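To start, the structure itself, in structure tokens.
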Amino acid sequence: MNSHNDLPAASVLHFGPYAFHLRQRLVLDGDRQLRMGGRALDILQVLVERAGRVVRKEQLIALVWPDSVVEEINLRVHIAALRRALGDGENGQRYIVNVPQCGYSFIAPVHGQSVAQGVFETLQAPQHNLPARLTPVIGRDSLVGGLVRQMPLCRLMTLTGPAGVGKSTVALRVAELLLQHYRDGVWYLDLSATEDVPSLLDHLLQTLDISFESLASRHALLVLDNGERRREACRALVERLLLAAPRLALLVTSREPLQADLETVQPIAPLTVPKASTPGSVDEIMGYSAVQLLVSRARARQHDFSLREQDLPIVGDICRRLDGLPLAIELAAAQVDALALVGLQTQLDNGLRLLSHGRRTAVPRLQSMSAALGWSYQDLRASEQRVLQRLSVFKMAFTEEAALRVLDGAHLTATIERLAAKSWLMVERGSDPLRYRMLNTVRCYVREQLQTSDELSAIVQRHALYQGVNRSGAGVQLAAQRVEQ
Numbered sequence: 001m002n003s004h005n006d007l008p009a010a011s012v013l014h015f016g017p018y019a020f021h022l023r024q025r026l027v028l029d030g031d032r033q034l035r036m037g038g039r040a041l042d043i044l045q046v047l048v049e050r051a052g053r054v055v056r057k058e059q060l061i062a063l064v065w066p067d068s069v070v071e072e073i074n075l076r077v078h079i080a081a082l083r084r085a086l087g088d089g090e091n092g093q094r095y096i097v098n099v100p101q102c103g104y105s106f107i108a109p110v111h112g113q114s115v116a117q118g119v120f121e122t123l124q125a126p127q128h129n130l131p132a133r134l135t136p137v138i139g140r141d142s143l144v145g146g147l148v149r150q151m152p153l154c155r156l157m158t159l160t161g162p163a164g165v166g167k168s169t170v171a172l173r174v175a176e177l178l179l180q181h182y183r184d185g186v187w188y189l190d191l192s193a194t195e196d197v198p199s200l201l202d203h204l205l206q207t208l209d210i211s212f213e214s215l216a217s218r219h220a221l222l223v224l225d226n227g228e229r230r231r232e233a234c235r236a237l238v239e240r241l242l243l244a245a246p247r248l249a250l251l252v253t254s255r256e257p258l259q260a261d262l263e264t265v266q267p268i269a270p271l272t273v274p275k276a277s278t279p280g281s282v283d284e285i286m287g288y289s290a291v292q293l294l295v296s297r298a299r300a301r302q303h304d305f306s307l308r309e310q311d312l313p314i315v316g317d318i319c320r321r322l323d324g325l326p327l328a329i330e331l332a333a334a335q336v337d338a339l340a341l342v343g344l345q346t347q348l349d350n351g352l353r354l355l356s357h358g359r360r361t362a363v364p365r366l367q368s369m370s371a372a373l374g375w376s377y378q379d380l381r382a383s384e385q386r387v388l389q390r391l392s393v394f395k396m397a398f399t400e401e402a403a404l405r406v407l408d409g410a411h412l413t414a415t416i417e418r419l420a421a422k423s424w425l426m427v428e429r430g431s432d433p434l435r436y437r438m439l440n441t442v443r444c445y446v447r448e449q450l451q452t453s454d455e456l457s458a459i460v461q462r463h464a465l466y467q468g469v470n471r472s473g474a475g476v477q478l479a480a481q482r483v484e485q
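Residues 1 to 485 in full-length UniProt numbering are what the sequence shown lists, from first letter to last.
As structure tokens, this is what we get:
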């Protein structure tokens, strides 16, 4: 585990008779070094830096084992070893206590010392209101690392991408790793819960319980999640904050850029998926982040789950059909103990029905893929919805010319560009002419909307004509069947 504590006062942490030297990663009792493993040191650092607060077991596991699936028993074993090394409970001195049904807390007083200055001060736990992360973030190390390096140099960063791609997950992970960088804390605001709030600024100040003047002087990171829900109000808010609070940094998630001053846009791409032609070996396919996530979440549901050579084509197909979208993969993996991999693959033929069993504790829009898509779909203009429905006849990437021939509508070019800007269409960069592509999950959702309209037959026929399919009975029927698959 890497420490992101860059405060001079935290180079040595003192508690009881012990001195925890963070940079050297050792704990001294006077001149004697305590013997403990690397994981125990990681756990100790997490707890000591959050002294006086309860750290949930899931959060502790996620911080200490960010890239592994670990059982709670592993955590208990390391906690027990750590207590023995510290002599926890001997002579009446307690350090680590278990809070039933919650987690662990370091209860001894902690002081920080700067080695260079020899100055002692009582450490304060990082200030934040970030929600606890229950599972490790998989496949985003490079992206998260780059954002962690960029954010201290950037006033406004907007993470964009389609529903289910993990914008919020990436933003919260970056915020976690930057807790120690911002002196006045890291603060989270979910804009999806502010639809009835007349003033985002007043709501923000109330959430942080500070005045605007106090906020203007803070050195803090503000995470604004789901910015597309209140895009204009969000843009006005961030532009006002950027002018009034020179030491405030903003990290926003949105399906589309805010188009605000000083904005840096970072698109979040789906996880990588294996190609259909070369399933390769287990080791090779595990190099794809979509497969890593599927296997990790499957093991969380079925502890004896293992990937076999005969599973590789099936796993690759599942990840491709789910577009490498983390939310879709997690929803599918939740069914692996009931359906097995073959059953998952078969059920994907039924559209989005498989992807409808998320965690009960998740917000409603994240409990199914249809809910996640519908939550944003309702914000589209009626004209954008109609164009998106009609574009669902294209199973492959298409050009603007192809869309113009098959679809019928005014201002079609501008509408397609808006849908791409809002992450409903993926743009294949580098192609000439420019090509657009609809994710399979998006296509399934909007196709259902098209099938309830009276336009389906006409759109299928125009698409069939464009592709040179015979318009007589069998040809059109075959084209219609392909659309419905």
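In this text, a Cβ means the ideal position worked out from N, Cα and C, and glycines have one as well.
Please read these numbers as outputs of a predicted model, since none were measured by experiment.
If we call anything under 8 angstroms between Cβ atoms a contact, is Ala51 one with Leu82? no
Pair within 8 angstroms by beta-carbon distance, Val282 and Leu307: yes
If you compare alpha carbons, which of Ser192, Gly164, Asp190 and Asp317 is closest to Gln367? Gly164
Chain-order list of residues whose beta-carbon lies under 6 angstroms from that of Glu58 (same chain, five-residue window excluded): Leu134
When burial is assigned at 16 or more other CB atoms within 10 Å of the CB, is Ser168 buried or exposed? buried
Enumerate in chain order the residues of its own chain whose CB-to-CB distance from Asp29 is below 6 angstroms, with the five nearest sequence positions on each side excluded. Pro17 and Tyr18
Pull the bridge partners of Leu251 from the DSSP assignment, please. Met157 and Val223
Grab me the residues of Ile61's own chain with a C-beta within less than 7 angstroms of its C-beta, minus the 5 sequence neighbours each way, in chain order. Val70 and Leu75
Report the rounded CA-to-CA distance for Gly351 versus Ala244, giving the unit in angstroms. 48 angstroms
Only counting the same chain, and skipping five residues up and downstream in sequence, which positions put a Cβ closer than 6 angstroms to that of Val27? Tyr18, Phe20 and Leu34
Indicate whether Gly437 and Ala397 have their beta-carbon atoms separated by less than 8 angstroms. The sequence given here has Arg at residue 437, not Gly. Contact flag set, yes.
Could you tell me how far apart the beta carbons of Trp65 and Asn129 are, in whole angstroms, since I believe they sit closer than 8 angstroms? Not confirmed; about 24 angstroms, so no contact.
By Cβ distance, which residues of its chain are closer than 8 angstroms to Glu428, with the 5 residues on each side in sequence left out? Ala397, Leu434, Arg435, Tyr436 and Arg437
Tell me, to the nearest whole angstrom, how far the beta carbon of Pro274 is from that of Gly316; I am working on the premise that it is less than 8 angstroms. 4 angstroms
Going along the chain, which unbroken runs of the alpha helix (DSSP H) with 4 or more residues stay wholly within the region 26–73? 38–49 and 57–64
Leu355 and Ala328 - do their beta-carbons sit closer together than 8 angstroms? yes
Give the single residue among Leu189, Thr264 and Asn226 whose Cα lies nearest to the Cα of Leu208. Leu189
Here's the rule I'm using: 16 or more other beta-carbon atoms within 10 Å means buried, otherwise exposed. How should Pro152 be labelled? exposed
Would you mind working out which of Leu251, Leu242 and Leu44 sits nearest Ser105, comparing C-alpha positions? Leu44
Using CA atoms only, rank isn't needed, just tell me which of Val197, Glu400 and Ser211 is closest to Ser431. Glu400
Identify whether Asp11 lies in helix, strand or coil by the three-state DSSP scheme. The residue you asked about is not Asp; residue 11 is Ser in the sequence shown. It is coil, neither helix nor strand.
State the beta-bridge partners of Phe398 as determined by DSSP. Tyr436
Given this structure, state the Cα-to-Cα distance separating residue 522 from Gly185, to the nearest angstrom. As displayed, the chain neither begins before 1 nor continues past 485, which places residue 522 out of reach and without an answer.
Alpha carbon to alpha carbon, how far is Gly374 from Asp408? 24 angstroms
Around the Cβ of Glu72, are there at least 16 other Cβ atoms within 10 angstroms (buried) or fewer (exposed)? exposed
Given that a residue counts as buried once 16 or more other Cβ atoms are within 10 Å of its Cβ, and exposed if not, what is His78? buried
Which value, in whole angstroms, describes the spacing of the CA atoms of Leu294 and Ala300? 10 angstroms
Since Leu224 and Val197 are thought to touch, with beta carbons under 8 angstroms apart, how far apart are those beta carbons, to the nearest angstrom? Wrong, their Cβ atoms sit about 13 angstroms apart, outside the cutoff.
Kindly indicate the opening and closing residues of the alpha helix (DSSP H) around residue 509. Summary: the structure shown does not reach residue 509, with the chain confined to residues 1 through 485, and so no result is reported for it.
Residues bridged to Tyr18 [DSSP beta-bridge criterion]: Phe15 and Asp29
Reducing DSSP to helix, strand and coil, say where His128 ends up. strand
Three or more C-beta pairs below 8 angstroms linking the region 191–205 and the region 170–179: no
Which residues in the same chain have their Cβ closer than 6 angstroms to the Cβ of Phe15, if we skip the five residues on either side of it in sequence? Ala108 and Val110
Give the DSSP-derived three-state secondary structure of Gly185 in the structure shown. coil
Going by CA-CA distance only, name the one from Thr264, Val265 and Met286 that's closest to Leu271. Met286
Give me the Cα-Cα distance between Val99 and Val55, rounded to the nearest whole angstrom. 9 angstroms
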